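In the numbering used here, the protein residues as written are -9 to 160.
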């Protein structure tokens, strides 16, 4: 299997509310790299993504306060509530050793260390402590914690994921 084509955009947060009367926004980040928003010169909002020039951004009590060019009133900011905030994928940092973007794991064949085919990764979702891989196969779904004790090897070129099934994971 060849590595899947990366998406054009990467979601980094969501606009949760207007801030004040001058079109400022509160953005709840969903990234380990807040600098993608804090240092951005432009962001892509909504679906399909529309490019906005960033006038300024600042970290504020668990959210980012953001001002976009052309968003100059509370009403304009309110119209963006609930929209996804994205950056171009090529602007995102390269994952470190043993780190992957979710889209890289989706579709990987999943095999146990004993050589049993378990299915394919169909979803990845975060929890409080680690991500969980949803593997769907002929016998149903298995939820696998994305921890070193379980995920033994990821081979993006071959399209395979090797796992150690801890007791109780079936």
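For every residue, glycine included, the Cβ atom is placed at its ideal position computed from N, Cα and C. Predicted, not measured: the structure shown is a model, and the values here were computed from it.
- Within a 10 Å sphere around the beta-carbon of residue -2 sit fewer than 16 other beta-carbons, which makes this residue exposed.
- With 16 or more other CB atoms across the displayed protein chains lying within 10 angstroms of its CB, residue 73 is buried.
- When the five nearest sequence neighbours on each side are left out, no beta carbon in the same chain lies closer than 7 Å to the beta carbon of residue 106.
- Of the residues assessed, residue 48 falls on the exposed side of the cut-off, its CB having fewer than 16 other CB atoms within 10 angstroms.
- Counting other Cβ atoms within 10 Å of its Cβ, residue 76 reaches 16 or more and is therefore classed as buried.
- Membership of residue 41 in the beta strand (DSSP E) is indicated by the continuous run 40 to 50.
- Inclusion of residue 17 and residue 43 in the CB contact set at 7 Å is not warranted, their separation being larger than that value.
- The residues 114, in chain order, have a CB closer than 7 Å to that of residue 92 in the same chain once the five nearest residues on each side in sequence are set aside.
- Residue 151 sits buried, since 16 or more C-beta atoms from the chains shown fall within 10 Å of its C-beta.
- Residue 92 carries a helical assignment under DSSP once its states are collapsed to helix, strand and coil.
- For residue 96, the CB contacts under 6 Å within the same chain, skipping 5 residues up- and downstream, are 111 in chain order.
- With respect to the 7 Å criterion, residue 125 and residue 109 are classified as neighbours on the basis of their beta carbons.
- Under the DSSP assignment, residue 108 falls in the beta strand (DSSP E) whose first and last residues are 107 to 116.
- For residue 28, the enclosing alpha helix (DSSP H) stretches over residues 25 to 28.
- In this structure residue 6 is not in contact with residue 19, their Cβ atoms being roughly 10 Å apart against a cut-off of 8 Å.
- Take the alpha-carbon of residue 59 and the one of residue 143: they are about 45 Å apart.
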